[in-house]
Amino acid sequence: MDGIQSALLPEVLDALSDPVIMVDGRKVVTFANAASLLAWPALTRGTPLSFTLRAPDLIEAIDDVLARKATVSRGTMTERQPVERFFEFQAVGLSPSANASPRTAPAAVLVFRDLTEARRLESMRVDFVANASHELRTPLASLLGFIETLQGPARNDPHAQSRFLDIMREQGRRMARLIDDLLSLSRVEMSEHRRPVDKVDFGALIRQVVDTLGPVAEERQVSFKLALPDQALYVIADHDELMRVAENLIENGIKYGQTGKQLDVSLKVHDQNSEQPCECHLRVQDYGPGIPSEHLPRLTERFYRVDASASRETGGTGLGLAIVKHIVNRHRGRLMIESELGSGSTFHVYLPLHGIK
Ligand code: ADP
Numbered sequence: 035m036d037g038i039q040s041a042l043l044p045e046v047l048d049a050l051s052d053p054v055i056m057v058d059g060r061k062v063v064t065f066a067n068a069a070s071l072l073a074w075p076a077l078t079r080g081t082p083l084s085f086t087l088r089a090p091d092l093i094e095a096i097d098d099v100l101a102r103k104a105t106v107s108r109g110t111m112t113e114r115q116p117v118e119r120f121f122e123f124q125a126v127g128l129s130p131s132a133n134a135s136p137r138t139a140p141a142a143v144l145v146f147r148d149l150t151e152a153r154r155l156e157s158m159r160v161d162f163v164a165n166a167s168h169e170l171r172t173p174l175a176s177l178l179g180f181i182e183t184l185q186g187p188a189r190n191d192p193h194a195q196s197r198f199l200d201i202m203r204e205q206g207r208r209m210a211r212l213i214d215d216l217l218s219l220s221r222v223e224m225s226e227h228r229r230p231v232d233k234v235d236f237g238a239l240i241r242q243v244v245d246t247l248g249p250v251a252e253e254r255q256v257s258f259k260l261a262l263p264d265q266a267l268y269v270i271a272d273h274d275e276l277m278r279v280a281e282n283l284i285e286n287g288i289k290y291g292q293t294g295k296q297l298d299v300s301l302k303v304h305d306q307n308s309e310q311p312c313e314c315h316l317r318v319q320d321y322g323p324g325i326p327s328e329h330l331p332r333l334t335e336r337f338y339r340v341d342a343s344a345s346r347e348t349g350g351t352g353l354g355l356a357i358v359k360h361i362v363n364r365h366r367g368r369l370m371i372e373s374e375l376g377s378g379s380t381f382h383v384y385l386p387l388h389g390i391k
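Using our numbering, you'd call the opening residue of the sequence shown number 35 and step up by one each time.
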C-alpha cells in the first residue's frame with residue numbers, strides 16, 4: 035500500500051459498519067473506528083481495552099495472538115448491559131514494524147460482528163415454530179382422543195357419538211382456521227416488498243365486510259354505527275388483503291367488545307396537510323372491556339393474546355392482528371391501537387389515498 039492509501043486507512047475503517055479496534059502490546063486501545071465508538075461510546079484511545087470491554091474470552095484471544103500462540107483467534111461475547119447484545123469477534127496479530135516500540139505499537143486488530151439482530155430473528159423463528167406446533171397439537175390430541183373413545187367405550191352409544199362428532203368437527207375447523215391463517219401470514223410476508231396494484235374503493239369494501247359480519251354482530255347483540263363516505267374513496271390495494279384487514283378489526287370489535295353493544299366504524303380522508311400525502315383513515319371503535327396498556331405494544335405479535343382461552347373460545351387463532359400489521363405494512367400504511375381499560379379499544383388504519391372521486 036502506498037503512502038496516500040495508508041493515510042486513508044482510518045477513513046476506510048470508519049466507513050465499515052463493523053467495529054474495528056486496534057490495541058498495542060499492553061492491550062491499550064490505539065485506534066477505534068466509528069462503528070466501535072457507536073457500539074461502545076466509552077472506548078478511549080490510550081486506555082486499556084478491558085476498561086470498556088470486560089469479556090474474558092476476548093482478552094484471552096488477544097493474549098493468544100500477542101504471545102504468538104496463534105495468528106488469528108476467534109470467539110463470541112455477550113453483553114448484558116445496558117441491553118443484551120451478542121458479538122462474534124476475531125483477533126488478528128499484527129507484524130511489528132522494524133522501528134516501532136514493541137509496547138506501544140499496534141500489535142493486534144480486533145474485528146467484531148454484531149449478531150444481536152440475527153439471534154433475535156432466529157429465536158423468533160424457533161418460538162414461532164414451537165407456538166404453531168403447540169396450537170395444532172392441542173386440537174389434534176383432542177381429535178385422536180375422541181377417535182379412540184368412538185372406537186372403544188362409545189362404540190355402541192349413538193348419543194355420545196353424535197356429541198363427540200360435534201366436538202371433533204369444531205376441533206377440525208379450528209385446525210383448518212389455524213392453517214389458513216398461517217398460510218395467509220406467510221403469503222403476506224412473502225409479498226410484503228411488492229406494492230399492490232389494484233384500485234379499490236375502500237368505502238364499498240367496508241360496507242361489504244359490515245354486511246357479511248351483520249349476522250355475527252346480531253348474534254352477539256352488537257349494533258354498528260357507521261360513518262362511511264358517500265363517494266368512492268380509492269386506495270391502491272390488494273382487494274382480498276384489504277378485506278382481511280377490515281374483517282379482522284371489525285370481527286375483533288364484535289367479539290372482544292361485545293359488552294359495549296356498539297361498534298363504530300368510520301372511514302374518512304385524514305386531515306389534509308400539504309406536506310403529508312393524502313391518507314384515508316379507517317377507525318374501528320368498540321366500547322368493551324379494553325386492553326391493559328402493557329399488552330398494547332405486543333398485540334400484533336404472532337400468537338399474542340391478552341386472554342388465550344377467551345380467544346380460543348371465540349375461534350381466534352392469535353394471528354389476526356399479525357396478519358393485519360403485515361398487510362398494512364405492504365400497503366405502506368400505518369396501524370395504531372388505542373385502548374382504555376373499561377372504556378373500549380380503537381383500531382386505526384391509515385392508508386395512502388389514490389384519489390377522491
Ligand atoms: P385472535 O385470533 O385471538 O382474535 P388477534 O391477533 O386478532 O387474534 O388478536 C390478538 C389479541 O388481541 C386477542 O386475543 C385479544 O386478546 C386482543 N384484542 C384484539 N382486538 C381486541 C378488541 N377490540 N378488544 C379487546 N381485545 C382485543
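Note that the Cβ used here is the ideal one computed from N, Cα and C, for glycine as well. Because the structure is a prediction, the values reported are computed rather than measured.
Classification of residue i by the beta-carbon crowding that lies within 10 angstroms, buried from 16 upward
i	result
G80	exposed
T380	buried
T351	buried
A41	exposed
A356	buried
S373	buried
I325	buried
I390	Confidence in I390 is poor, its pLDDT being 46 and thus under 50, which makes the residue's placement too unreliable to answer from.
G354	buried
I181	exposed
I240	buried
V46	exposed
L50	exposed
N282	buried
P323	buried
L83	buried
S345	buried
Q39	exposed
L72	exposed
G237	buried
H227	exposed
R88	exposed
H193	exposed
Distance cut-off 7 Å: residue i Cβ against heavy atoms of ligand 1
i	result
A356	yes
D320	yes
L217	no
T172	no
I33	Residue 33 lies beyond the stretch modelled for the chain, which goes from 35 to 391, so this question has no answer here.
Y268	no
R339	yes
L330	no
G376	no
Y290	yes
G294	no
G109	no
G127	no
N165	no
S379	yes
L369	no
L353	yes
N407	Not covered by the structure: residue 407. The range shown for the chain is 35 to 391.
S257	no
L333	yes
S345	yes
Option nearest residue i by Cα separation, candidates the options
i	options	result
A271	P140, P386, M56 and L87	P386
A101	P90, S131, S70 and A141	A141
I284	I201, P82 and V250	V250
H168	E374, F337 and L369	F337
R108	F121, L316 and A175	F121
R229	V244, H273 and A266	H273
R203	H360, G349, Q39 and E94	G349
K289	S157, E223, N363 and V256	V256
I201	P173, P192, G186 and G237	P173
V143	P75, V62 and F198	V62
T334	T246, Y321 and V279	V279
Nearest-angstrom beta carbon gap, residue j and residue i [assumed within contact, 8 Å]
i	j	result
V99	G59	With 8 Å as the limit, V99 and G59 do not qualify as a contact, their Cβ atoms being about 11 Å apart.
A125	I96	5 Å
T64	V57	6 Å
V244	G287	With a Cβ gap of about 11 Å, V244 and G287 do not count as contacting.
F123	F146	5 Å
L267	D298	That pair is no contact at about 17 Å.
L219	L170	In fact, because the Cβ distance is near 14 Å, the residues do not count as touching under 8 Å.
Beta carbon proximity, residue i to chain D, threshold 8 Å
i	result
A41	Structure shown: chain D not included; a single protein chain is present.
Ligand 3 heavy atom lying under 7 Å from the CB of residue i
i	result
N363	For the structure depicted, ligand 3 is absent and the ligand set comprises only ligand 1.
Next on the checklist: Quick check for students: name the residue ranges of the beta strand (DSSP E) that lie wholly in the region 42 to 93, counting only runs of 3 or more.
Outcome noted: With a minimum length of 3 residues, the continuous beta strand (DSSP E) runs that stay inside the region 42 to 93 are 54 to 58 and 63 to 66.
Checklist entry - At which residue ranges does the region 283 to 329 contain complete alpha helix (DSSP H) runs of 4 or more residues, listed in the order of the chain? => result As far as the region 283 to 329 is concerned, it has no whole alpha helix (DSSP H) run of at least 4 residues.
Checklist entry - Curious, which full-length alpha helix (DSSP H) runs of at least 4 residues does the region 203 to 257 contain? => result Runs found: 236 to 253.
Next on the checklist: Which complete beta strand (DSSP E) runs does the region 140 to 210 hold, if anything under 3 residues is left out?
Outcome noted: The qualifying runs are 140 to 148.
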